[in-house]
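S.K.:
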Amino acid sequence: MTDQGILNRPIGRSGIKASAVGLGTWAIGGWMWGGTDEKQSIDAIRASVDAGISLIDTAPAYGMGLAETIVGKAIAGQRDKVVLVSKCGLVWHVGEGTYFFEQAGKPVHRYLGPSSIRYEVEQSLRRLGTDYIDHYVTHWQDGTTPIAETVGELLRLKDEGKIRSIGASNVSEADLGAYLATGALDAIQEEYSMVKRDIETSFVPTCLDNGVSILSYSSLALGLLSGKIGPDRVFADDDQRHGNPRFSLGNRKKVARLMDVIRPIADQHQASVAQVVIAWTLAQPGITFSLCGARDPTQAIENAGAARLRLTEHEVSAITAGIRDHLVELDR
Numbered sequence: 593m594t595d596q597g598i599l600n601r602p603i604g605r606s607g608i609k610a611s612a613v614g615l616g617t618w619a620i621g622g623w624m625w626g627g628t629d630e631k632q633s634i635d636a637i638r639a640s641v642d643a644g645i646s647l648i649d650t651a652p653a654y655g656m657g658l659a660e661t662i663v664g665k666a667i668a669g670q671r672d673k674v675v676l677v678s679k680c681g682l683v684w685h686v687g688e689g690t691y692f693f694e695q696a697g698k699p700v701h702r703y704l705g706p707s708s709i710r711y712e713v714e715q716s717l718r719r720l721g722t723d724y725i726d727h728y729v730t731h732w733q734d735g736t737t738p739i740a741e742t743v744g745e746l747l748r749l750k751d752e753g754k755i756r757s758i759g760a761s762n763v764s765e766a767d768l769g770a771y772l773a774t775g776a777l778d779a780i781q782e783e784y785s786m787v788k789r790d791i792e793t794s795f796v797p798t799c800l801d802n803g804v805s806i807l808s809y810s811s812l813a814l815g816l817l818s819g820k821i822g823p824d825r826v827f828a829d830d831d832q833r834h835g836n837p838r839f840s841l842g843n844r845k846k847v848a849r850l851m852d853v854i855r856p857i858a859d860q861h862q863a864s865v866a867q868v869v870i871a872w873t874l875a876q877p878g879i880t881f882s883l884c885g886a887r888d889p890t891q892a893i894e895n896a897g898a899a900r901l902r903l904t905e906h907e908v909s910a911i912t913a914g915i916r917d918h919l920v921e922l923d924r
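The working numbering puts the first residue of the sequence shown at 593, with every later residue one more than the last.
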């Protein structure tokens, strides 16, 4: 493995730079992941920072504040080493907007009204133990509030120093156009992986043309591409992968054949399959950051190592050909 340090990349035109590999904390929140171990999670976050990862992505909806609280405890005393990403727009303190789902017996709505955003940011700052969030993202879009109105409040929060840059997640092409029209958008956060590449022909060209960064989430497809989930894996009933068509036996067999393509490349670099998958993701045009979950220090250190891995053009092409050969018919 080539050790060239943790690669830092810009968040749009904000002037903020962060590690290309980021730590995603959805699993740390426990919800839809079969619970969480707070001490192990704190250790994972601290191991990530020690390994050079600065970008930490969280959200109030990850365990209804639990992930943010754990992140806050983990980064206490080392806030200056971290580029914090959090989100707004999935709310349970009001019933406005559009009903989305239920968590812990409470209805959660998509809502991005100005007063709600202001309430959310104050709650996040308290849980995270900080007075500013580096990158603040609208988590899911709210069709009941004009985007210009939402961005207006985000700009006020930015002027007040409570947030430093503005992002949007889970957008449509129309949403992206509306955010771009405000001139305030620094980055979008979207699902992207070897098994979900649709943004390559939709969002990527637009973002490249407008200087907007892309934070890809689910780079390992909820672990499907980690090289650790074989055809025999059984998932608990409260694990979101249980019954998920993407984790069907047929799909896992197809992924296993792709792993046979990737494994020799990983061996050549003395790297893991997961590290090669992350490195391939970061080598794709327009993909600025790769957010990867880790629930223990070993996973965190492994993910960080992917930022130091430089695949050759030939290796990237060989992997892309393997994806085309083995995953094109993947069940959704």
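Glycine included, every Cβ here is placed at the ideal spot set by N, Cα and C.
How should H861 be labelled, buried or exposed, when 16 other C-beta atoms within 10 angstroms of its C-beta is the threshold for buried?
M.R.: With 16 or more Cβ atoms within 10 Å of its Cβ, H861 is classed as buried.
S.K.: What are the uninterrupted segments assigned as alpha helix (DSSP H) that are 4 or more residues long and contained completely in the segment 884–913, given in chain order?
M.R.: Here the runs fully enclosed are 889–898.
S.K.: Any idea what DSSP makes of T742, helix, strand or coil?
M.R.: helix
S.K.: Any contact of the segment 770–786 with the segment 707–726, i.e. 3+ C-beta pairs under 8 Å?
M.R.: With contact defined as three or more Cβ pairs closer than 8 Å, the segment 770–786 and the segment 707–726 are not in contact.
S.K.: DSSP has R756 in a bridge; who is on the other side?
M.R.: Beta-bridge partners of R756 (DSSP): none assigned.
S.K.: Please report the distance separating the alpha-carbon of F881 from that of L816.
M.R.: Rounded to whole angstroms, the gap between the alpha carbons of F881 and L816 is 19 Å.
S.K.: Given E745, which residues of its chain have a CB within under 6 Å of its CB, disregarding the five upstream and five downstream residues?
M.R.: P706, I709
S.K.: In whole angstroms, what is the alpha-carbon distance linking D859 and L850?
M.R.: 15 Å
S.K.: Does the Cβ of R756 have 16 or more other Cβ atoms within 10 Å, making it buried, or fewer, making it exposed?
M.R.: buried
S.K.: Is the beta carbon of A892 less than 9 Å from the beta carbon of A643?
M.R.: yes
S.K.: Can you give me the Cβ contacts of E765 inside the same chain, cut-off strictly under 7 Å, excluding the 5 residues immediately before and after it?
M.R.: S794
S.K.: What does DSSP give as the partner residues of Y809 in its beta bridges?
M.R.: E783
S.K.: Residues in the same chain with beta-carbon distance under 6 Å from G897, minus the five sequence neighbours each way, listed in chain order, please.
M.R.: Q867
S.K.: By DSSP's criteria, G616 is part of a beta bridge. Which residues make up the other side?
M.R.: D649, G885
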